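Asks:
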Ligand SMILES: CC(C)(COP(=O)(O)OP(=O)(O)OC[C@H]1O[C@@H](n2cnc3c(N)ncnc32)[C@H](O)[C@@H]1OP(=O)(O)O)[C@@H](O)C(=O)NCCC(=O)NCCS
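Residue numbers (the working numbering): 1417 to 1800.
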């Protein structure tokens, strides 16, 4: 297998954007191509992740973007895997470069939903659940993650205040990220006093609906060296799955797809969770970050909440989680999120993260899942 690298990255701001879906993808892609110091013709193929292109009247995005980039003859693939689309797309890019099919490819994720109503978006997002058993019975994502939070509180004695600390920490990180959607300092009291969305989760326990696009150039090491820009190595890649409906799982405070994807990624990288310097994890709701910290091996089962309470997951803690602000503050344009995590990790490991940089970081991990964790991909990166 080829050694796979990320050579350049680019992203739009996340939030409520005026640009069309296609414009956002073209802008982020052009930024990543420029950042890599290459031209569109150097790209062998593209992987474009998106879930609700239909909301902006454009699906079959791959060929449209290749045409905008002036390389319509190059192959492309549009990928949908709910909120995990970006990481699954990155995995396809990784696998194709590792296998030697292409020297360099483009991976871009994007979403545009804020021009629709909350009711529309909530309903469409629910189509990503196991709709027959969950969405159609009224269980939208806030409700499903609220069930996880309630179970976790019962099993491990966590409190609503504990979850609130996760949101406060991620908003603090997001304040340092010029591209974050919700750049606002909040307190535990703000979280506890915000509107109840699905008890015990309140407004500030939830990620927002966001627009945005993120992009990365994935290539083999020979290509990276020849083009001379800063690059990082992808040293581990893992995928996993879980039953789609929560009711079909053996437990709802562990997400098996995260466990299996991360085990595969750690094995490929030849490292353990202790070797990871920071991680971008899928904190669509505060409970998700806590469960992820355990499933990724950063804390024992039931102890993730203690790690959050003690500040161990803060930027200056022993395992910083979501230095970008995470889905909670940076935002969650669902097709883009997994690629956005790669952009953050690339910036962290190449010294381009500015004030939010994790000092001395050499190994970063990205974790992104679809729906309540039915599909998942984990990647591990190392500075060069
Ligand atoms: C929580 C939620 C229902 C709020 O949506 P909403 O009621 O339509 O909120 P609005 O867009 O009308 O915004 C109202 C205000 O709250 C703020 N806001 C919206 N969502 C927010 C969030 N998640 N956290 C903090 N503030 C938020 C807005 O900025 C706005 O502030 P302003 O009045 O100062 O401008 C929605 O964000 C949500 O469902 N989030 C989860 C998305 C999801 O499930 N993603 C998939 C995960 S698997």
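Cβ atoms here follow ideal geometry from the backbone N, Cα and C, with glycine treated the same way.
The structure presented is a predicted model; accordingly, all values stated were derived computationally and were not measured.
With a threshold of 7 Å on Cβ separation, who are the neighbours of residue 1751 within its own chain once the five nearest residues in sequence on each side are excluded?
Replies: Locating residue 1751 in the chain shown gives position 335, counting from the first residue. These residues qualify, in order along the chain: 1465, 1466, 1467, 1501, 1502, 1525, 1526 and 1527.
Asks: Residues in the same chain with beta-carbon distance under 8 Å from residue 1601, minus the five sequence neighbours each way, listed in chain order, please.
Replies: For the purposes of this step, residue 1601 is taken as residue 185 along the chain shown, with counting starting at 1. 1587, 1588 and 1591.
Asks: Collect the residues with a C-beta less than 6 Å away from any heavy atom of ligand 1 and give them in sequence order along the chain.
Replies: Residues flagged by the Cβ proximity filter: 1499, 1534, 1538, 1541, 1557, 1558, 1598, 1613, 1619, 1620, 1622, 1623, 1624, 1625, 1700 and 1748.
Asks: For residue 1627, which beta-bridge partners are listed by DSSP?
Replies: The residue you call residue 1627 lines up with position 211 of the chain shown. In DSSP, residue 1627 forms a bridge with 1431.
Asks: Helix, strand or coil for residue 1744 per DSSP?
Replies: Against the chain shown, residue 1744 aligns to sequence position 328. If DSSP states are grouped into helix, strand and coil, residue 1744 belongs with the helices.
Asks: Taking the alpha helix (DSSP H) that residue 1757 falls in, what are its first and last residues?
Replies: By one-based count along the chain shown, residue 1757 stands at place 341. Element bounds for residue 1757: 1753-1765.
Asks: Ignore the nearest five residues each way along the sequence and tell me which others in residue 1656's own chain have a CB closer than 6 Å to its CB.
Replies: For the purposes of this step, residue 1656 is identified with residue 240 of the chain shown, where counting begins at 1. Closer than 6 Å at the Cβ level, and outside the excluded window around residue 1656, lie 1673, 1676, 1677 and 1792.
Asks: Using only CA atoms, which one of 1556, 1680, 1553 and 1617 lies nearest to residue 1581?
Replies: One-based indexing of the chain shown puts residue 1581 at position 165. The option with the nearest alpha carbon to residue 1581 is 1617.
Asks: Excluding sequence positions up to five away, which residues of its chain have a Cβ less than 8 Å from the Cβ of residue 1671?
Replies: As a first step, residue 1671 is located in the chain shown; it is residue number 255 there, counting from the start. Excluding positions up to five away in sequence, the list reads 1658, 1707, 1708, 1711, 1785, 1788, 1789 and 1792.
Asks: So for residue 1563, helix, strand or coil by DSSP?
Replies: Translated into positions along the chain shown, residue 1563 becomes position 147. Note: residue 1563 maps to helix in three-state DSSP.
Asks: Kindly list the residues whose CB is nearer than 6 Å to the CB of residue 1771, restricted to its own chain and excluding five residues on each side of it in sequence; keep chain order.
Replies: Residue numbering aside, residue 1771 sits at position 355 when the chain shown is read from its first letter. Counting only Cβ-Cβ distances below 6 Å, and skipping sequence neighbours, we find 1592.
Asks: Since residue 1398 is in the beta strand (DSSP E), which residue starts that stretch and which ends it?
Replies: Since the first residue shown for the chain is 1417 and the last is 1800, residue 1398 is missing from the structure and cannot be characterised.
Asks: Identify the continuous beta strand (DSSP E) that holds residue 1694 and give its terminal residues.
Replies: Stepping through the chain shown from its first residue, residue 1694 is reached at position 278. Start and end: 1694-1696.
Asks: Cβ atoms of residue 1651 and residue 1797: under 9 Å apart, would you say?
Replies: The residue labelled residue 1797 in the question sits at position 381 within the chain shown. The residue labelled residue 1651 in the question sits at position 235 within the chain shown. Yes. Within cutoff.
Asks: From the DSSP output, read off the bridge partner residues of residue 1618.
Replies: Within the chain shown, residue 1618 is the residue found at index 202, counting from 1. Beta-bridge pairing links residue 1618 to 1612.
Asks: Helix, strand or coil for residue 1636? Go by DSSP, reduced to three states.
Replies: Locating residue 1636 in the chain shown gives position 220, where the first residue counts as 1. Looking at residue 1636 - three-state DSSP - the assignment turns out to be strand.
Asks: Quick one: what's got a C-beta closer than 8 Å to residue 1440's C-beta in the same chain, skipping five residues either side?
Replies: Numbered from 1 along the chain shown, position 24 holds the residue referred to as residue 1440. Taken in chain order, the residues that qualify are 1428, 1433, 1526, 1528, 1627, 1628 and 1629.
Asks: Whose C-beta lies closer than 7 Å to the C-beta of residue 1480 among residues of the same chain, with five residues either side of it excluded?
Replies: The count along the chain shown starts at 1 and reaches residue 1480 at position 64. The answer, listed in chain order, is 1438 and 1474.
Asks: Do the CB positions of residue 1614 and residue 1551 come within less than 9 Å of each other?
Replies: Numbered from 1 along the chain shown, position 198 holds the residue referred to as residue 1614. Numbered from 1 along the chain shown, position 135 holds the residue referred to as residue 1551. No, the pair does not count as a contact, with Cβ atoms beyond the cut-off.
Asks: For residue 1745, which residues of its own chain have a beta-carbon under 6 Å away from its beta-carbon, when the five flanking residues on both sides are left out?
Replies: By one-based count along the chain shown, residue 1745 stands at place 329. Same-chain partners within the cutoff: 1586, 1587, 1590, 1596 and 1598.
Asks: Residue 1785 lies in the beta strand (DSSP E); which residues open and close that run?
Replies: The residue you call residue 1785 lines up with position 369 of the chain shown. First-last of the beta strand (DSSP E) with residue 1785: 1779-1786.
Asks: Suppose you measure from the CA of residue 1486 to the CA of residue 1644; what does that come to, to the nearest Å?
Replies: Here residue 1486 corresponds to residue number 70 of the chain shown, with the count starting at 1. Here residue 1644 corresponds to residue number 228 of the chain shown, with the count starting at 1. Residue 1486 and residue 1644: Cα-Cα distance of roughly 24 Å.
Asks: So, at 8 Å on beta carbons, what are the nonlocal neighbours of residue 1496 in its own chain, with the 5 sequence-adjacent residues on each side left out?
Replies: As a first step, residue 1496 is located in the chain shown; it is residue number 80 there, counting from the start. Closer than 8 Å at the Cβ level, and outside the excluded window around residue 1496, lie 1465, 1466, 1467 and 1751.
Asks: Among 1567, 1547 and 1454, whose alpha-carbon lies nearest the alpha-carbon of residue 1667?
Replies: Taking the first residue of the chain shown as 1, we reach residue 1667 at position 251. Among 1567, 1547 and 1454, the Cα nearest to that of residue 1667 is on 1567.
Asks: Would you mind sorting residue 1763 into buried or exposed? The rule is 16 or more other CB atoms within 10 Å of its CB.
Replies: By one-based count along the chain shown, residue 1763 stands at place 347. Per the 10 Å Cβ criterion, buried.
Asks: Quick check on this structure: which residue in 1741, 1491, 1733 and 1704 has the alpha carbon closest to the alpha carbon of residue 1518?
Replies: Position 102 of the chain shown, counted from the start, is the residue given in the question as residue 1518. The shortest C-alpha separation from residue 1518 is found at 1491.
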